[in-house]
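Below: the structure, in structure tokens.
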Amino acid sequence: MPYQWPAKRTVIGTGIPRLDGALKVTGKAKYSFDRNLPGLLHAKILRCPHAHAKITALDLAPAEAMAGVKAVHVVKNVGAELRYAGDEIAAVAAETEEQARDAIRAVKVSFEVLPFEWSEPNAFAKGGQSKTDEKGNVEEALAKADGTIEGSYSGPVITHVCLESHGLVAWWKADDELLVYASTQAVHKTAGDLKSDPLFKSIPNLKVTCETPFMGGGFGSKFGPDIQGVVAAQLARKAKRPVKLMLERDEEHWTGGNRPSFFATVKAGATKAGKLTAFDAVTFGTGGHSGGAEFPLPYIYAPETRRRKHTNVAVNAGDRRALRAPGHPQGCLVTEQVMDDLAHQLGLDPLEFRLKNIPDEGVFKTLKPIYETEVKLGAEKIQWKKFWHPRGDKTAGPIKRGLGCALNTWGGGAGQAQATCTIHPDGSVEAACGSQDLGTGTVTLVPLVAAEILGLQVKDVTGKVGSSIYPPAGGSGGSTSCGGVSVAVGVAAMKARDLLFEQVAPKLDAKPGDLQAVGGKIVATNGKSLSWKQACAMLGRQPITGAGDRKEGDTKDTEGKTVATMSSQGVGGAQFADVSVDVETGVVKVNKIVAVADCGMVMNRLLCESQVYGGVIGALNSALFEERRLDPKSGLMLNPDLEWYKLAGHSDIPEIDVHLLDYPERGVIGIGEPPYIPGAAAIANAVANAVGVRVAEIPFTPRRILSALAKK
Amino acid sequence: MKKKDKRRDVAPPEPPPSGFSRRNFIQTLGLAGVSATLPLTQGCGTSESGPDIPAEGLGPEPVEIALTVNGQDVKLKVEPRVTLLDALRDHLKLGSADPVDLTGTKRVCDRGSCGACTLQIDGKTVYSCTTLAVEAQGREIRTVEGLATNGKLHPLQEEFVECDGLMCGFCTPGFIVSGAACLEKNPNATRDEIRRALDGNICRCGTQSRALEACEKAARRMKGRR
Numbered sequence: 031m032p033y034q035w036p037a038k039r040t041v042i043g044t045g046i047p048r049l050d051g052a053l054k055v056t057g058k059a060k061y062s063f064d065r066n067l068p069g070l071l072h073a074k075i076l077r078c079p080h081a082h083a084k085i086t087a088l089d090l091a092p093a094e095a096m097a098g099v100k101a102v103h104v105v106k107n108v109g110a111e112l113r114y115a116g117d118e119i120a121a122v123a124a125e126t127e128e129q130a131r132d133a134i135r136a137v138k139v140s141f142e143v144l145p146f147e148w149s150e151p152n153a154f155a156k157g158g159q160s161k162t163d164e165k166g167n168v169e170e171a172l173a174k175a176d177g178t179i180e181g182s183y184s185g186p187v188i189t190h191v192c193l194e195s196h197g198l199v200a201w202w203k204a205d206d207e208l209l210v211y212a213s214t215q216a217v218h219k220t221a222g223d224l225k226s227d228p229l230f231k232s233i234p235n236l237k238v239t240c241e242t243p244f245m246g247g248g249f250g251s252k253f254g255p256d257i258q259g260v261v262a263a264q265l266a267r268k269a270k271r272p273v274k275l276m277l278e279r280d281e282e283h284w285t286g287g288n289r290p291s292f293f294a295t296v297k298a299g300a301t302k303a304g305k306l307t308a309f310d311a312v313t314f315g316t317g318g319h320s321g322g323a324e325f326p327l328p329y330i331y332a333p334e335t336r337r338r339k340h341t342n343v344a345v346n347a348g349d350r351r352a353l354r355a356p357g358h359p360q361g362c363l364v365t366e367q368v369m370d371d372l373a374h375q376l377g378l379d380p381l382e383f384r385l386k387n388i389p390d391e392g393v394f395k396t397l398k399p400i401y402e403t404e405v406k407l408g409a410e411k412i413q414w415k416k417f418w419h420p421r422g423d424k425t426a427g428p429i430k431r432g433l434g435c436a437l438n439t440w441g442g443g444a445g446q447a448q449a450t451c452t453i454h455p456d457g458s459v460e461a462a463c464g465s466q467d468l469g470t471g472t473v474t475l476v477p478l479v480a481a482e483i484l485g486l487q488v489k490d491v492t493g494k495v496g497s498s499i500y501p502p503a504g505g506s507g508g509s510t511s512c513g514g515v516s517v518a519v520g521v522a523a524m525k526a527r528d529l530l531f532e533q534v535a536p537k538l539d540a541k542p543g544d545l546q547a548v549g550g551k552i553v554a555t556n557g558k559s560l561s562w563k564q565a566c567a568m569l570g571r572q573p574i575t576g577a578g579d580r581k582e583g584d585t586k587d588t589e590g591k592t593v594a595t596m597s598s599q600g601v602g603g604a605q606f607a608d609v610s611v612d613v614e615t616g617v618v619k620v621n622k623i624v625a626v627a628d629c630g631m632v633m634n635r636l637l638c639e640s641q642v643y644g645g646v647i648g649a650l651n652s653a654l655f656e657e658r659r660l661d662p663k664s665g666l667m668l669n670p671d672l673e674w675y676k677l678a679g680h681s682d683i684p685e686i687d688v689h690l691l692d693y694p695e696r697g698v699i700g701i702g703e704p705p706y707i708p709g710a711a712a713i714a715n716a717v718a719n720a721v722g723v724r725v726a727e728i729p730f731t732p733r734r735i736l737s738a739l740a741k742k
Numbered sequence: 295m296k297k298k299d300k301r302r303d304v305a306p307p308e309p310p311p312s313g314f315s316r317r318n319f320i321q322t323l324g325l326a327g328v329s330a331t332l333p334l335t336q337g338c339g340t341s342e343s344g345p346d347i348p349a350e351g352l353g354p355e356p357v358e359i360a361l362t363v364n365g366q367d368v369k370l371k372v373e374p375r376v377t378l379l380d381a382l383r384d385h386l387k388l389g390s391a392d393p394v395d396l397t398g399t400k401r402v403c404d405r406g407s408c409g410a411c412t413l414q415i416d417g418k419t420v421y422s423c424t425t426l427a428v429e430a431q432g433r434e435i436r437t438v439e440g441l442a443t444n445g446k447l448h449p450l451q452e453e454f455v456e457c458d459g460l461m462c463g464f465c466t467p468g469f470i471v472s473g474a475a476c477l478e479k480n481p482n483a484t485r486d487e488i489r490r491a492l493d494g495n496i497c498r499c500g501t502q503s504r505a506l507e508a509c510e511k512a513a514r515r516m517k518g519r520r
């Protein structure tokens with residue numbers, strides 16, 4: 031029998047407030063940034079002040095001689111090429127943070143300043159590595175189409191802005207034992223990467239532990255120790271004292287990762303009947319000095335005839351990292367704006383046009399009816415029939431209102447994870463998994479799953495998460511943690527439960543297979559029962575432990591193919607936006623967003639909804655505010671801060687209406703990425719619907735709105 | 295009639311000979327220059343009842359200061375350029391050798407634009423990253439750690455947990471301190487008034503909707519208590 035979720039669930043699917051909530055709201059939760067160990071030193075990094083340069087001289091002696099300085103470390107030496115402003119050069123550790131900053135300024139360094147590139151269009155004009163995907167004859171298909179559009183759509187590089195910056199506290203507890211408190215999305219990988227780093231791998235029997243009980247946001251940018259983590263560990267080794275190295279806000283923008291920009295020029299065509307027949311796109315973008323800027327296009331829809339030429343261009347700026355659903359928001363923004371423009375051009379209903387073009391193959395076979403449900407529900411909640419109008423709000427006055435919609439998809443299959451579940455003779459239960467909680471709720475998920483399987487309440491189980499001492503689990507990215515952790519803990523708890531059943535069955539005059547753990551009791555089919563405590567007391571002195579692996583939640587189908595039974599992947603979502611645009615000032619105000627999300631089996635309704643709220647707000651930020659600005663003259667980032675790198679304030683947040691579609695029969699699917707994908711495209715389409723023109727470039731600042739209106 | 299603030303008559307000392315920077319500037323100038331040159335400072339440096347600062351300014355060496363944090367008097371030694379935020383987070387050792395540190399107040403932007411470091415000074419919300427520790431002497435400092443009473447959470451803290459007004463939790467202390475200040479002053483605050491009170495706090499996870507819900511629920515409870 032493959033492992034399966036219980037048919038009747040009493041804890042899964044309910045709303046359990048996060049178990050570490052009280053620690054977080056009282057300020058008692060200790061994040062990596064908060065670790066003040068005895069004898070702690072503070073470290074700072076000297077970074078390249080030019081967009082592109084070569085080090086011609088480097089002397090750390092003046093820094094070493096400064097008050098309080100205990101260790102220095104060279105990251106890149108004379109002759110090294112520095113490819114962006116913020117590239118690491120050297121680091122110091124000192125008694126206080128202020129002294130470390132002073133010492134960094136005392137380093138004598140000189141540069142040969144090299145030519146730099148800051149602009150994607152400039153870099154694209156110069157050429158670059160491009161790749162073309164083609165299916166059918168696009169020119170012919172465009173010529174045959176009943177209606178065509180041509181448009182340009184773009185968006186800038188945006189940064190992750192994790193509120194807790196990247197970094198860690200490194201402490202050599204012994205010569206061969208390193209403990210780090212890292213702000214990371216991957217405790218096991220962070221420990222492993224440090225262990226195998228060239229600086230440390232020769233240390234015999236080196237043991238590295240990564241502790242991350244709390245972390246202040248990652249969004250895809252924190253999967254390893256990074257340079258600053260290795261530097262902190264090296265400084266700590268040299269100084270023989272713990273070292274804290276957390277990036278400052280400007281460093282965070284420069285080097286902590288970003289989402290690539292996207293520039294697309296698209297010609298597309300469709301029939302009067304609403305069939306998308308041709309899609310021809312030229313796209314480019316930058317992922318920094320060496321990162322790519324790929325994104326899926328066309329997104330979701332797969333016209334028979336299509337061509338796409340994409341070029342990754344390099345600029346002298348920090349490299350990209352995954353940011354919540356990497357590539358998807360860009361692909362969604364381009365495709366869903368094209369779909370809207372085509373619907374407008376051909377006079378088609380934009381919702382029907384979308385649904386008509388959902389592919390009939392692969393995962394979309396499953397998703398098609400889900401999209402239909404979502405669009406119907408979303409349209410009702412945003413009052414589409416009442417408020418939607420053909421493009422351009424014709425009512426008098428400067429405030430124009432419009433509605434828009436966009437769809438998304440994402441995988442979210444269960445990631446690699448192992449777990450243990452231990453039942454003690456006193457009735458206490460521990461469930462451990464070396465995953466981590468990014469604010470996503472893993473700390474609450476682990477005991478929730480074990481409680482469901484053991485017929486207990488969440489408070490009866492102690493969850494252990496956020497340390498590499500627990501069974502290995504993959505990094506928390508790609509919405510893979512919820513599935514992986516749930517299945518691994520579920521299987522571990524089932525095994526522990528079955529061990530308990532074996533021990534107590536004779537007492538109940540029953541076979542282990544006739545027992546059930548429900549409502550805090552072990553109940554036999556013959557009607558006899560024991561309370562949980564009585565049953566556990568029969569264990570004598572030995573606790574019992576079940577070990578589970580996410581893979582055990584899979585089974586083989588009749589053809590021998592592996593299929594997941596407890597988890598799944600492939601979700602569809604739909605979001606709807608209602609906006610008002612002041613055509614005199616260019617200010618966009620989002621009135622309401624309706625988000626309909628499909629995430630398979632809902633594990634914790636309260637926290638699952640929070641993920642959707644978070645995705646919607648993140649997308650709103652990218653649509654209205656976020657933009658990394660580089661200075662054409664110097665190549666330096668002009669807004670490496672939080673006053674000019676804009677994020678929504680409370681008054682910018684609209685009414686958000688979240689609807690989760692619960693499909694428990696599909697098993698667990700992660701929800702971190704999907705709700706972040708379609709919001710910006712829905713807002714873009716609502717803006718076009720309101721003002722009557724396509725505003726081609728996000729974020730929708732007043733300048734961009736007014737410029738687009740001026741061209742009308 | 296309050297006595298004239300002598301600090302205002304003091305001419306700033308000679309600027310440092312080289313390597314001019316904002317931090318060196320603060321480091322050597324002491325308080326007299328700070329409040330005039332840093333308009334973002336929301337602290338109390340210019341207040342007439344503030345600490346007694348010598349005419350020649352303080353520092354750059356560490357100085358003994360006394361702070362009142364969550365009702366407890368503490369002494370610490372910090373360079374005058376150390377912000378109140380960093381003093382609380384890194385330099386404070388309350389009581390015994392056990393390093394009890396107040397790290398609930400978070401550092402995110404370190405320049406008065408995100409609200410993560412919000413605390414209350416004499417009941418008013420202040421960005422502690424743009425307030426010097428020396429400025430806060432003689433004031434009642436209340437941090438997120440000081441909101442619970444006798445181990446019982448503040449109603450707003452309880453509602454944040456119940457409504458899930460938090461995710462990663464790094465902005466949460468700032469939200470709670472701002473929200474509590476707003477509601478303690480006016481439990482009848484409207485939704486828009488609460489929004490404005492929280493406008494100075496940035497959240498990246500996207501908890502704003504539920505943080506607002508938590509504030510409204512707490513307001514109803516706090517009204518009921520009176």
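Protein chains in written order, with my numbering: chain H, 31 to 742; chain S, 295 to 520. All C-beta atoms in this analysis are idealised placements derived from N, C-alpha and C, irrespective of residue type, glycine included.
With respect to chain H, the C-beta atom of G463 (chain S) has a partner C-beta closer than 9 Å.
Distance between S610 (chain H) and A720 (chain H), taken at the CA atoms: about 7 Å. K563 (chain H) sits exposed, since fewer than 16 C-beta atoms from the chains shown fall within 10 Å of its C-beta. Interface residue (Cβ-Cβ distance to chain H less than 9 Å): S422 (chain S) is not classified as such.
Within the same chain, R354, A355, H358, W440, G442, G508, S509 and G645 come within 8 Å of E703 (chain H) by CB-CB distance, once the 5 residues on both sides are set aside. When DSSP states are grouped into helix, strand and coil, I470 (chain S) belongs to the helix group.
Taking the beta carbon of F253 (chain H) as reference, no residue of chain S falls within 8 Å; the closest one sits roughly 16 Å away.
Between the beta-carbon of V438 (chain S) and that of V471 (chain S) there is about 5 Å, and that keeps the pair under the 8 Å contact cut. Taking the beta carbon of T56 (chain H) as reference, the chain S residues within 8 Å of it are G398, V438, E439, L441, A442, L447 and Q451, listed in sequence order. The three-state secondary structure of T220 (chain H), taken from DSSP, is helix. Closest in C-alpha terms to Y33 (chain H), from the list H:E241, H:S516 and H:G45, comes H:S516.
For G494 (chain S), the nearest beta carbon of chain H is closer than 9 Å to its own beta carbon.
Under DSSP, no beta-bridge partner is assigned to I257 (chain H). Contact between the stretch 376-384 of chain S and the stretch 440-451 of chain S is absent: fewer than 3 CB-CB pairs across the two stretches fall below 8 Å. In this structure, the beta-carbon distance from Q129 (chain H) to L198 (chain H) does not fall below 9 Å. Distance from R337 (chain H) to T178 (chain H) at the Cβ level is roughly 14 Å; contact not present, criterion being Cβ atoms closer than 8 Å.
With contacts defined by Cβ atoms closer than 9 Å, S497 (chain H) and G464 (chain H) form a contacting pair. In the displayed model, L275 (chain H) falls within a strand according to three-state DSSP. Going by beta carbons, V620 (chain H) and I735 (chain H) fall outside the 9 Å limit. In this structure, the alpha-carbon of G576 (chain H) lies about 18 Å from that of P36 (chain H).
Using a CB distance cut-off of 9 Å, G422 (chain H) does not count as an interface residue toward chain S. DSSP links S160 (chain H) through a beta bridge to H:T341.
Listed as beta-bridge partners of S497 (chain H) by DSSP are H:E241. Judged by DSSP secondary structure, F292 (chain H) falls outside any alpha helix (DSSP H) and instead within the beta strand (DSSP E) spanning F292 to A300. Judged by DSSP in its simplified three-state form, I415 (chain S) adopts strand. The DSSP assignment places complete alpha helix (DSSP H) segments of no fewer than 4 residues inside the stretch 81-150 of chain H at 91-94 and 127-136, in order along the chain. In the structure shown, E207 (chain H) adopts extended strand secondary structure according to DSSP, grouped into three states. For L460 (chain S), the C-beta contacts it makes with chain H under 8 Å involve R48, G51, K54, V55 and G469, in order along the chain. For T419 (chain S), no CB of chain H lies under 9 Å from its own CB, so it is not counted at the interface with that chain.
Straight across, the Cα-Cα distance linking L386 (chain S) with L370 (chain S) is about 6 Å. Rounded to whole angstroms, the Cβ separation of K237 (chain H) and D205 (chain H) is 11 Å, and the two are not in contact under 8 Å. I330 (chain H) and L306 (chain H) have their C-alpha atoms roughly 12 Å apart. Between A480 (chain H) and V495 (chain H), the beta carbon gap of about 12 Å keeps them out of contact (Cβ cut-off 8 Å). Here G287 (chain H) is near R351 (chain H), since their CB atoms are less than 9 Å apart.
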